[in-house]
Each structure stands twice: as C-alpha cells, then as structure tokens.
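Everything in the sequence shown is counted per the numbering used here, starting at 3 for the first residue and increasing by one. Step one of this worksheet: look at the structure below.
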Amino acid sequence: MNWQPIQRPTEVAESRLIAAILTGEFQMNSSLPSERDLAAQLGITRPTLREALQRLARDGWIDIQHGRSTRVRNYWEEGNLGVLEGLARHPEHAPADFVPNLLQVRQLLAPTYARLAVARRAAAVCALLADYANLTDTPDYLAKADWELHRRLTILSGNPIFTLILNGFGELYQQMAVVYFSLPASRESSRAYYARLLTAAQAGDAAAAEQYTTAAVTESLQLWRRAMYSAALPPTGGKR
C-alpha cells in the first residue's frame, strides 16, 4: 500500500501561509495579522504558529522584529533559496514566467556542470549514459531519467552547490518534464543530446560536452513553450 506521509500542523500552516502570500492575500510589505488572530484563522495553537513563522522568516518570506508587526518581505528581492523551494511546491500560485525563468537558470548552469563532470569524471559520465539510448519512450519514464542524469552530472561536477540548487526544485522539475516530454520533438531532442554527450564523454572532451549541453537546454526552452501550447495550459498560475 502506498501510504502518504501525514503533514505536521507546522507544515500545514507554513504551506497555507506561503499560498496566502503568493496569491496576494498577504501582500508584499504588508503586516500579518496578530499572532492570536492568525492562529485562530489557521486553526492551530500559537506555539505551532510561531514555529511556522520562524521557518518562513528563515526562508525569506517574512521579517520578524521584536515589538513590531511581522512584515511580508518583497520575496523577489529579499528572499533566498527557501523561497525558490516554496514556489516549486506551489506552482499553481507561481507567476506565469516562473518555469521559463527556471529554465533560463538551467540554461546557464547545465553547460557548466556538464563540462566539469566530463573534465573530472568522464568514465563515470559514460557509465551514467550507457543505457540512455534504450530508454522507454514515455513522458513519465523520460522525465525521471532526465532528472537523474542532470542530478548525477551536478554530483560528478564536484561542486555540491549545483546539486543543492537543482534539488531545490526537483519535484517541480519532474512534474513539468512530463508535460515537456509529451511532445515527440522533445523526446527526440533529448535522445540526440544524450547520444552527443556520451560521445563527448567517451572522447574526454569537456568543451564539446559544454557546447552540446548549451544547444540542448536552449532548444528545450523553445520546446517547453510549444509543449505548454499543445497542452492548452497556462505556463503556471498567478500573477507577479
């Protein structure tokens, strides 16, 4: 049986508060209700609320100052990677350009970690890609395989910051990849990239790995827009 983990009250409160901030119920630079009122609205105890608020403050959503109202930060300018993770957990409330912006960041990062991975661990990259020519041709399977490839490349790059950044939106990455790989052109493009990257790794050519990855992630941004159009879906929810 596939049991789903039960969320703790603190996690539920944190999730609801993030959603309220993203939807504009609690606007940037506004003050949150008093602790007593907010706890009553959420149906939780004040100690539970305090724990949730501390987590939100740590991640850059709010600013808590003793003796003053708690302020909702301008999280686009004052937030940190915790905000990125929160947005990834609430894509239905994220601004329309959130996923394209993530893909642009990937466009900048992926060529570098692919180059470093081949430069440092070419044999390991070859082993990683050994079976990629025979991947099952379904969106779900390819989404998982593509995620695992990029995650492993960040590890092989030797720079754990790449891995931490990628892990921050791993769940969203895989959800969106299923939509992306619904297009035959996307599946064909990625298969071609896997083959080229393997060739570069076999030759120990880190520069070629960077070049192939740059071309692949640039094309993926264009294909993503086509995939969203074909699915007749908005890129993601709310407004910025």
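The beta carbon of each residue, even a glycine, is placed where N, CA and C say it ideally should be. No experiment lies behind these values; they were computed from the predicted model shown.
Expected contact under 8 Å - CB spacing of residue i and residue j to nearest Å
| i | j | result |
| --- | --- | --- |
| ALA202 | ALA211 | 4 Å |
| GLN109 | TRP149 | In fact, because the Cβ distance is near 16 Å, the residues do not count as touching under 8 Å. |
| LEU118 | GLY160 | 6 Å |
| ARG18 | LEU44 | 6 Å |
| ALA124 | GLY206 | 5 Å |
| PRO141 | VAL180 | 5 Å |
| ALA112 | HIS152 | 7 Å |
| TYR196 | TYR134 | 4 Å |
Residue i, buried or exposed, once every other Cβ within 10 Å from all chains shown has been counted against 16
| i | result |
| --- | --- |
| TYR143 | exposed |
| SER71 | exposed |
| ALA145 | buried |
| ILE163 | exposed |
| VAL219 | buried |
| ALA187 | exposed |
| VAL107 | exposed |
| ALA229 | buried |
| THR156 | buried |
Own chain partners of residue i with C-beta closer than 7 Å, once the 5 adjacent residues on each side are dropped
| i | result |
| --- | --- |
| GLU53 | THR12 |
| ALA21 | HIS92, HIS95 |
| ARG139 | For the record, residue 139 in the displayed sequence is Asp; it is not Arg. Excluding residues within five positions, the ones whose Cβ falls inside 7 Å are ARG189. |
| LEU174 | ALA90, PRO93 |
| ALA1 | The structure shown does not extend to residue 1, since the chain spans only 3 to 242, so no value can be given for it. |
Cβ shell of residue i (< 6 Å), same chain only, five flanking positions each side left out
| i | result |
| --- | --- |
| GLY84 | ASP61, GLY62 |
| TYR200 | The displayed chain sequence assigns Leu, not Tyr, to residue 200. LEU131, listed in sequence order. |
| THR238 | Any answer about THR238 is weak, because its pLDDT of 48 lies below 50 and its placement is not dependable; what the coordinates show is given next. Result list for THR238: PRO93, ALA96, PHE100, VAL101, in chain order. |
| MET30 | VAL74, ASN76 |
Close Cβ partners of residue i (< 8 Å) along its chain, the five nearest in sequence each way excluded
| i | result |
| --- | --- |
| THR50 | PRO11, THR12, ALA15, ALA41 |
| ALA209 | ARG117 |
Residue i - DSSP class collapsed to helix/strand/coil
| i | result |
| --- | --- |
| ASP65 | strand |
| SER191 | helix |
| ARG10 | coil |
| SER32 | coil |
| GLU27 | coil |
| LEU185 | coil |
| GLY45 | coil |
| ASP207 | coil |
Query raised in the report: If you scan the region 73-159 from start to end, which runs of the alpha helix (DSSP H) of 4 or more residues do you find wholly inside it?
Result: 77-80, 83-91, 100-131, 141-158
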